[in-house]
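So the structure is just underneath, and the comments pick up after that.
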Amino acid sequence: MMNIDQLILWLAKLGFKKMEPAELDFIGPIESDYYMVMNRVDAVLGEITIVDVYFDEDGDYKGGSITFAVCDDEVIKSQFWDDDSGELAVDIHAPTTFESINDLKCHIAQFKFSYSQLQESKNEK
3 MMNIDQLILW LAKLGFKKME PAELDFIGPI ESDYYMVMNR VDAVLGEITI
53 VDVYFDEDGD YKGGSITFAV CDDEVIKSQF WDDDSGELAV DIHAPTTFES
103 INDLKCHIAQ FKFSYSQLQE SKNEK
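Count along the sequence shown from 1, add 2, and you get the number used in the working numbering.
This is the structure:
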């Protein structure tokens, strides 16, 4: 099972940069893939950590993101978002198991495929 330290290490190895939420107000458009880590309180679970993954603001996936919910140091949920519309594209409620960095790469590729499909369906309307 992947813990939060592995998730952050693997994101860094995949080229994602860590950003602090306060930094975004000052730096303008971001020309790289990045992630943010935030602590939240869930009504049922109590304290959880959220890891939001965003994509290059000039790239094909700039309007989408991936959210990982971490509780007791385990990833318990992952969501794929269309941030432009606020629409939840895919909600994976089961614990997300990543045995290697390749599993995480596949998860990100799944997001990119789902996001592209969502954008295509919007363009057809």
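Where is the CB? At the ideal position from N, CA and C, for every residue including glycine.
Using a Cβ-Cβ cut-off of 6 angstroms (strictly less than) and excluding sequence neighbours within five positions of residue i, which residues of its own chain qualify?
| i | result |
| --- | --- |
| aspartate 44 | Ile50 |
| methionine 21 | Tyr36, Met38 |
| phenylalanine 100 | Met4, Leu106 |
Where DSSP assigns a beta bridge to residue i, which residues make up the other side?
| i | result |
| --- | --- |
| serine 67 | Tyr56, Trp83 |
| glutamate 49 | Val43 |
Specify, as a first and last residue, the run of the beta strand (DSSP E) that residue i falls within.
| i | result |
| --- | --- |
| leucine 90 | 89 to 94 |
| aspartate 44 | 36 to 44 |
Verify whether the separation of the beta carbon atoms of residue i and residue j is less than 9 angstroms.
| i | j | result |
| --- | --- | --- |
| tyrosine 37 | isoleucine 10 | yes |
| isoleucine 94 | leucine 16 | no |
| aspartate 54 | methionine 40 | yes |
Please return the same chain residues whose Cβ sits closer than 8 angstroms to the Cβ of residue i, not counting the five positions on each side in sequence.
| i | result |
| --- | --- |
| phenylalanine 57 | Asp35, Tyr63, Lys64, Gly66, Ser67 |
Within 10 angstroms of the Cβ of residue i, are there 16 or more other Cβ atoms? Answer buried if so, exposed if not.
| i | result |
| --- | --- |
| serine 87 | exposed |
| phenylalanine 115 | exposed |
| leucine 47 | exposed |
| serine 80 | buried |
| leucine 13 | buried |
Can you give me the start and stop residues for the alpha helix (DSSP H) that residue i sits inside?
| i | result |
| --- | --- |
| aspartate 7 | 6 to 15 |
| aspartate 105 | 103 to 126 |
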